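2 protein chains.
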Amino acid sequence: MIRFYNCRILTENYEIAENSELWVKDNKIEYIGKHKEGVFEREIDCKGNILMPGFKNAHTHSPMTFLRSYADDLPLDRWLNEMVFPMEARLTEEDAYYLTKLAVAEYICSGITSAFDMYLFPHATAEAVRDTGFRMTLCGAVNNFTSSPKELEESYIKYNNYCENVSFQLGFHAEYTTDRSILEDIGAIAKRYRAPVSAHCSETKKEVEECIQRHGKSPVELFNDLGLIDYGGSLFHCVHLSDKDIEILKEKDITAVTNPASNCKLASGIAPLSVLDERGVRLAIGTDGPASNNALSMFREMYLATALQKIRQNDASALVPERVIEMACKNGAYAMGTDNDCLKEGRLADITVIDMHRPNMQPENNILKNIVYSGGNENIALTMVNGSILYEKGEFYIGEDIERLYEKCRSITERIKKASVGTLF
Amino acid sequence: MIRFYNCRILTENYEIAENSELWVKDNKIEYIGKHKEGVFEREIDCKGNILMPGFKNAHTHSPMTFLRSYADDLPLDRWLNEMVFPMEARLTEEDAYYLTKLAVAEYICSGITSAFDMYLFPHATAEAVRDTGFRMTLCGAVNNFTSSPKELEESYIKYNNYCENVSFQLGFHAEYTTDRSILEDIGAIAKRYRAPVSAHCSETKKEVEECIQRHGKSPVELFNDLGLIDYGGSLFHCVHLSDKDIEILKEKDITAVTNPASNCKLASGIAPLSVLDERGVRLAIGTDGPASNNALSMFREMYLATALQKIRQNDASALVPERVIEMACKNGAYAMGTDNDCLKEGRLADITVIDMHRPNMQPENNILKNIVYSGGNENIALTMVNGSILYEKGEFYIGEDIERLYEKCRSITERIKKASVGTLF
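As given, the protein sequences belong to chains A and B, one line each in that order. Everything in the first sequence is counted per our numbering, starting at 2 for the first residue and increasing by one. Everything in the second sequence is counted per our numbering, starting at 2 for the first residue and increasing by one.
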């Protein structure tokens with residue numbers, strides 16, 4: 002049993018419980034409360050720092066670390082077709098394994114304890130998650146070019162029975178990459194398992210306009226009409242939504258996952274988070290992949306979620322930090338279907354420790370506002386996933402030497418870049 | 002003499018010089034180049050990390066650390082009148098001294114080596130700068146309520162002859178807080194010393210509209226017509242500019258200092274940086290004060306400078322990172338009039354070391370893009386100002402125990418908050 006003492010704990014109700022301690026037994030939270038006697042393998046003096054549930058990165062593409070700073074400053078369609086797809090075509094299962102591990106290292110530096118990951122190599126990703134001790138919900142990425150409804154169903158069964166840190170949800174890439182017949186087949190699988198389905202949705206204006214041309218309706222309407230979201234699910238981005246779209250999201254209990262940094266960088270727009278929140282749509286937050294963000298930091302995303310809303314709404318009171326933290330912790334857990342939404346006895350021990358002994362966290366007029374408005378990765382003192390400490394004081398405990406991992410990922414990247422010369426340029 | 006070896010150095014031309022070393026003698030850069038023999042007091046193995054000129058925080062209000070997370074989620078006028086001014090009225094010289102030190106600690110965590118600081122207690126700020134070893138250019142803050150042209154002139158003489166890390170520039174708060182007669186007096190001082198003048202300018206739409214009502218012209222036009230900017234200067238924020246304003250900025254060689262995080266958070270808008278840059282106006286970057294940002298991180302500002310332009314221009318290629326780094330390093334130095342714009346023999350030794358051995362910096366497809374798009378304070382391994390190391394591996398060397406400083410700033414904040422009860426609420 003591990004004992005965290007001398008803590009301040011962010012409670013289920015987003016209040017700060019002073020002078021608290023938290024015990025972890027195996028992979029769960031055993032006790033939260035005032036000091037009492039116990040026997041422990043390790044006792045960690047938190048020095049008054051904040052224990053909070055780890056952040057949930059509700060949309061990402063982990064293996065894309067190799068494309069960080071490779072294809073920047075381009076609009077989404079050129080970025081995808083000219084730079085990302087040709088490089089991805091050269092990626093192997095083994096590459097994806099190491100590149101995912103690099104993303105995991107970055108997640109835990111940012112207090113992230115689980116990620117909702119959509120990519121092409123579910124097996125490599127699942128192995129990387131198992132081997133690092135991180136937690137992920139994999140999301141199907143079916144489209145016209147890769148994978149199929151059949152493979153999706155196989156993955157759904159396989160990776161929901163793979164290891165305790167891995168789960169799988171039905172999903173496809175996006176309307177603009179996936180024919181209607183494939184969507185219909187996925188709808189049938191969703192119905193058979195009464196399972197949620199997730200996908201990219203309404204990320205750019207162009208995507209929505211072309212969908213309307215093709216199908217006479219928006220992506221959200223199309224997914225709804227095809228029965229794809231009858232059992233819930235998450236829609237990623239949700240930048241360009243109609244009133245009718247928002248009604249459907251609410252009615253079908255969909256989580257709208259926002260990716261503010263990526264939407265800025267690719268000039269896709271600012272998602273209507275305040276409107277969605279007021280209309281009662283559940284919001285979660287994701288980094289998107291390292292090729293389009295490029296950081297995998299939940300501090301950046303949380304800050305942008307609120308700061309950009311103020312610009313969008315022309316209202317400095319829009320989307321307050323307290324709400325953003327709820328999105329980043331609780332709502333992300335709902336989207337992924339994991340039992341780690343808050344710090345509570347019996348919940349999974351997915352915890353991060355916020356170092357308040359840094360200038361950007363002082364003074365403490367409002368701790369939650371400090372975290373969202375001033376916080377950064379430098380404030381992550383420790384990250385625990387499933388009861389194991391994966392990151393502490395700048396050191397990584399992910400079953401892999403970090404320098405060796407950097408070297409491996411650099412050599413993968415160089416190999417793919419070399420192979421691309423002459424075809425890309 | 003201090004030797005940094007095993008470095009990659011960001012050159013004057015924003016290229017990376019591999020396998021380099023850099024020597025610091027007293028407060029200056031003595032040598033940059035390949036290995037050669039020398040005698041040193043200390044030799045620092047940089048492990049392949051990037052040595053670059055420190056970031057210049059070209060607009061801030063350092064002592065406002067006590068207001069961090071105190072008055073968030075309000076528009077500029079209510080934020081200023083209802084929350085900031087009543088709290089500031091209770092601030093003492095001694096308070097400002099410690100609160101500035103807290104800001105300095107935060108700056109050096111973010112690789113910032115100098116700041117252009119506008120606030121009410123120049124003496125307290127100058128003392129804090131001298132005692133920490135940081136570098137600041139103080140900016141006059143004259144307005145209808147505090148200070149005067151006479152005091153401004155006295156400060157100009159005094160703090161340009163105070164200590165080698167401190168300089169002073171003429172300045173006033175803003176048009177909307179300063180009567181025309183005061184502006185005219187400041188114009189006369191500027192003329193007498195042939196000195197630049199700096200001020201807040203065109204931060205909100207309301208400010209510009211009211212200035213036009215009062216004076217029949219925009220703030221930039223007014224300052225120009227009054228001869229205030231005949232010898233250059235910096236205008237802070239520059240969010241709402243007309244074509245004519247932009248022409249004036251160019252003609253008078255003014256630095257437009259952008260504060261993207263603050264402009265978002267207060268819903269002031271997105272400054273037209275791409276337009277200014279294309280029109281040849283020099284741009285620098287500042288954090289603004291901790292009451293309106295709330296972080297004092299140049300990584301946040303650099304990221305937002307480019308990311309928000311992409312949204313504003315609806316163009317993912319807008320304002321590339323390479324340009325943003327130049328604004329954050331070189332142009333800020335120009336604004337402050339300090340000889341620390343780049344790493345070059347003879348320049349002031351204001352240096353920061355970027356830790357590339359972190360997951361967010363890997364792989365290295367493009368180091369400058371990594372710094373702007375993925376970098377954060379966790380990547381600052383060391384910060385040197387004027388030849389002295391003020392921050393290294395998370396430890397502070399600013400002549401003050403950091404925990405004592407936190408405690409001091411917390412108690413100042415609590416005292417002022419208590420004194421404000423009953424008057425504010």
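Think of the CB as a built atom: it goes at the ideal place given N, C-alpha and C, for glycine as much as any other residue. Since the structure is predicted, the reported quantities are computational estimates derived from the model, not experimental observations.
### Query
Shortest alpha-carbon distance to B/F41 belongs to which of B/D27, B/P54, B/N50 and B/G49?
As a first step, residue 41 of chain B is located in the second sequence; it is residue number 40 there, counting from the start. Per the Cα distances, B/D27.
### Task
Provide the residue span of the beta strand (DSSP E) that contains B/N225, from first to last.
As a first step, residue 225 of chain B must be located in the second sequence, where it is residue number 224. Judged by DSSP secondary structure, B/N225 falls outside any beta strand (DSSP E) and instead within the alpha helix (DSSP H) spanning P220 to D226.
### Message
With a threshold of 9 Å between beta carbons, is A/L11 in contact with chain B?
### Response
To locate residue 11 of chain A, count along the first sequence from 1; it is residue 10. Judged by the 9 Å Cβ criterion, A/L11 is not in contact with chain B.
### Query
Do we get a CB-CB distance below 9 Å when we pair B/V258 with the residues of chain A?
Counted from its first residue, the second sequence places residue 258 of chain B at position 257. No, because no Cβ of chain A sits closer than 9 Å to the Cβ of B/V258.
### Query
Who are the Cβ neighbours of B/K418 in its own chain at under 7 Å, not counting the five residues just before and after it?
Counting from 1 along the second sequence, the entry for residue 418 of chain B is found at position 417. Excluding positions up to five away in sequence, the list is empty.
### Message
Taking DSSP's pairing of strands, which residues face A/M357 in a bridge?
### Response
Here the question's residue 357 of chain A lines up with position 356 in the first sequence. Under DSSP, A/M357 takes part in no beta bridge, so it has no partner.
### Message
Rounded to whole angstroms, what is the Cα-Cα separation between B/N20 and A/R411?
### Response
Here the question's residue 20 of chain B lines up with position 19 in the second sequence. Here the question's residue 411 of chain A lines up with position 410 in the first sequence. Straight-line measurement puts the Cα of A/R411 at about 18 Å from the Cα of B/N20.
### Query
Roughly how many angstroms lie between the CA atoms of B/M299 and B/A262, to the nearest whole one?
Start at 1 with the first residue of the second sequence, and residue 299 of chain B comes out as number 298. Start at 1 with the first residue of the second sequence, and residue 262 of chain B comes out as number 261. So the two alpha carbons sit approximately 10 Å from each other.
### Buried versus exposed, by CB contacts within 10 Å (16 or more), A/T424
Indexing the first sequence from 1 puts residue 424 of chain A at position 423. Annotation note: pLDDT 47 at A/T424 (below 50); position unreliable, coordinate value reported separately. Exposed: under 16 other Cβ atoms inside 10 Å.
### B/L100 to A/N162 span [Cα, whole Å]
Here residue 100 of chain B refers to the residue found at position 99 when the second sequence is read from its first residue. Here residue 162 of chain A refers to the residue found at position 161 when the first sequence is read from its first residue. Straight-line spacing of the CA atoms in B/L100 and A/N162 works out to 55 Å.
### Query
For a contact meaning CB atoms closer than 7 Å, what does B/N295 contact in chain A?
Against the second sequence, residue 295 of chain B aligns to sequence position 294. Within chain A, the residues near B/N295 are Y374 and S375.
### Query
For the putative contact between A/F169 and A/L139, defined by C-beta atoms under 8 Å, what is the C-beta separation to the nearest angstrom?
Here residue 169 of chain A is taken as the residue at index 168 of the first sequence, counted from 1. Here residue 139 of chain A is taken as the residue at index 138 of the first sequence, counted from 1. Contact check for A/F169 and A/L139: beta-carbon distance about 5 Å, within the 8 Å limit, so the pair qualifies.
### Query
How far does the beta strand (DSSP E) with B/I390 in it reach, from first residue to last?
Residue numbering aside, residue 390 of chain B sits at position 389 when the second sequence is read from its first letter. That run of the beta strand (DSSP E) goes S389 to E393.
### Three-state secondary structure (DSSP) of A/R131
Within the first sequence, the letter at position 130 stands for residue 131 of chain A. Under the three-state reduction of DSSP, A/R131 is assigned to helix.
### Query
For the putative contact between B/L369 and B/P322, defined by C-beta atoms under 8 Å, what is the C-beta separation to the nearest angstrom?
Walking along the second sequence from the start, residue 369 of chain B turns up at place 368. Walking along the second sequence from the start, residue 322 of chain B turns up at place 321. At roughly 5 Å, the Cβ-Cβ gap stays under 8 Å, so B/L369 and B/P322 are in contact.
### Query
How should B/G49 be labelled, buried or exposed, when 16 other C-beta atoms within 10 angstroms of its C-beta is the threshold for buried?
Here residue 49 of chain B is taken as the residue at index 48 of the second sequence, counted from 1. Under this definition B/G49 is an exposed residue.
### Query
Is it a yes or a no for the stretch 215 to 223 of chain A touching the stretch 137 to 156 of chain A, going by three-plus beta-carbon pairs under 8 Å?
Taking 8 Å as the limit for Cβ pairs, the verdict is that the stretch 137 to 156 of chain A does not touch the stretch 215 to 223 of chain A.
### Query
From A/Y177 to A/S156, what distance separates their C-alpha atoms?
Translated into the one-based positions of the first sequence, residue 177 of chain A becomes position 176. Translated into the one-based positions of the first sequence, residue 156 of chain A becomes position 155. Rounded to the nearest angstrom, the two C-alpha atoms are 23 Å apart.
### Message
Within the continuous beta strand (DSSP E) that includes B/D246, where are the two ends?
### Response
Translated into positions along the second sequence, residue 246 of chain B becomes position 245. Taken as a continuous stretch (DSSP letters only), B/D246 belongs to no beta strand (DSSP E), being part of the alpha helix (DSSP H) at D244 to E252.
### Query
Beta carbon of A/A257, beta carbon of A/L250: below 9 Å?
One-based indexing of the first sequence puts residue 257 of chain A at position 256. One-based indexing of the first sequence puts residue 250 of chain A at position 249. Yes; because the gap between Cβ atoms is below 9 Å, this pair is in contact.
### Message
Please report whether the beta-carbon of A/T353 lies at a distance below 9 Å from any beta-carbon of chain B.
### Response
Against the first sequence, residue 353 of chain A aligns to sequence position 352. Not closer than 9 Å to any Cβ of chain B, the Cβ of A/T353 fails to qualify, so no.
### Task
Quick one: list the residues of chain A neighbouring B/H358, beta-carbon separation under 8 Å, in chain order.
What you label residue 358 of chain B is simply residue 357 of the second sequence in a count that begins at 1. Correct list: I403, E404 and Y407.
### Query
For A/F5 versus A/E16, is the C-beta spacing smaller than 9 Å?
Position 4 of the first sequence holds residue 5 of chain A. Position 15 of the first sequence holds residue 16 of chain A. No, they are not a contact pair.
### Task
Could you say which of B/D96, B/S115 and B/L103 lies nearest to B/A336 if we only look at CA atoms?
Within the second sequence, the letter at position 335 stands for residue 336 of chain B. The shortest Cα separation from B/A336 among B/D96, B/S115 and B/L103 belongs to B/S115.
### Query
For the stretch 266 to 297 of chain B, which residues have a beta carbon sitting closer than 9 Å to at least one beta carbon of chain A?
Answer in chain order: K266, L267, A268, S269, G270, I271, P291, N294, N295, A296 and L297.
### Task
Please determine, among B/G39, B/G34, B/R69 and B/I3, the residue with the shortest C-alpha to C-alpha distance to B/G290.
Locating residue 290 of chain B in the second sequence gives position 289, where the first residue counts as 1. Checked all of B/G39, B/G34, B/R69 and B/I3; the closest Cα to B/G290 is B/R69.
### Task
Please report the Cβ distance between A/I399 and A/V105, rounded to the nearest whole angstrom; I am assuming they are in contact, meaning their Cβ atoms lie under 8 Å.
Translated into the one-based positions of the first sequence, residue 399 of chain A becomes position 398. Translated into the one-based positions of the first sequence, residue 105 of chain A becomes position 104. The C-beta separation of A/I399 from A/V105 comes to about 6 Å, placing the pair in contact by the 8 Å criterion.
### Query
Is A/C164 buried or exposed, if buried means 16 or more other CB atoms sit within 10 Å of its CB?
As a first step, residue 164 of chain A must be located in the first sequence, where it is residue number 163. Burial is judged here by how many other beta carbons sit within 10 angstroms of a residue's own beta carbon; A/C164 has fewer than 16 and is exposed.
### Query
Within 10 angstroms of its Cβ, does A/F224 collect 16 or more other Cβ (buried), or is it exposed?
As a first step, residue 224 of chain A is located in the first sequence; it is residue number 223 there, counting from the start. A/F224 is buried by the Cβ-count criterion.
### Query
Short check: CB of A/D74 to CB of B/A319, under 9 Å?
The sequence position of residue 74 of chain A within the first sequence is 73, counting from 1. The sequence position of residue 319 of chain B within the second sequence is 318, counting from 1. Between A/D74 and B/A319, the gap from beta carbon to beta carbon is short of 9 Å.
### Query
Which of the three DSSP states, helix, strand or coil, is assigned to A/N20?
Translated into positions along the first sequence, residue 20 of chain A becomes position 19. The answer is strand: DSSP assigns A/N20 an E or B state.
### Query
Using the C-alpha atoms, what's the distance from B/N371 back to B/N7?
Against the second sequence, residue 7 of chain B aligns to sequence position 6. Against the second sequence, residue 371 of chain B aligns to sequence position 370. Their Cα atoms are separated by approximately 20 Å.
### Query
For the stretch 37 to 65 of chain B, which segments carrying the beta strand (DSSP E) assignment without a break, of at least 3 residues, lie completely within its bounds, in sequence order?
List check, beta strand (DSSP E) in window: 43 to 46, 51 to 54 and 56 to 61.
### Task
Using only the heavy atoms of the ligand SAM, determine whether one of them is closer than 8 Å to the beta carbon of B/S269.
As presented, the structure is devoid of all ligands, the ligand SAM included, so that no description of it is given.
### Query
Quick one: what does DSSP say A/T414 is sitting in, helix, strand or coil?
By 1-based counting over the first sequence, the position of residue 414 of chain A is 413. Helix, per DSSP.
### Query
Do you know how far the Cα of B/N295 is from the Cα of B/A125?
For the purposes of this step, residue 125 of chain B is taken as residue 124 along the second sequence, with counting starting at 1. For the purposes of this step, residue 295 of chain B is taken as residue 294 along the second sequence, with counting starting at 1. One C-alpha to the other measures close to 22 Å.
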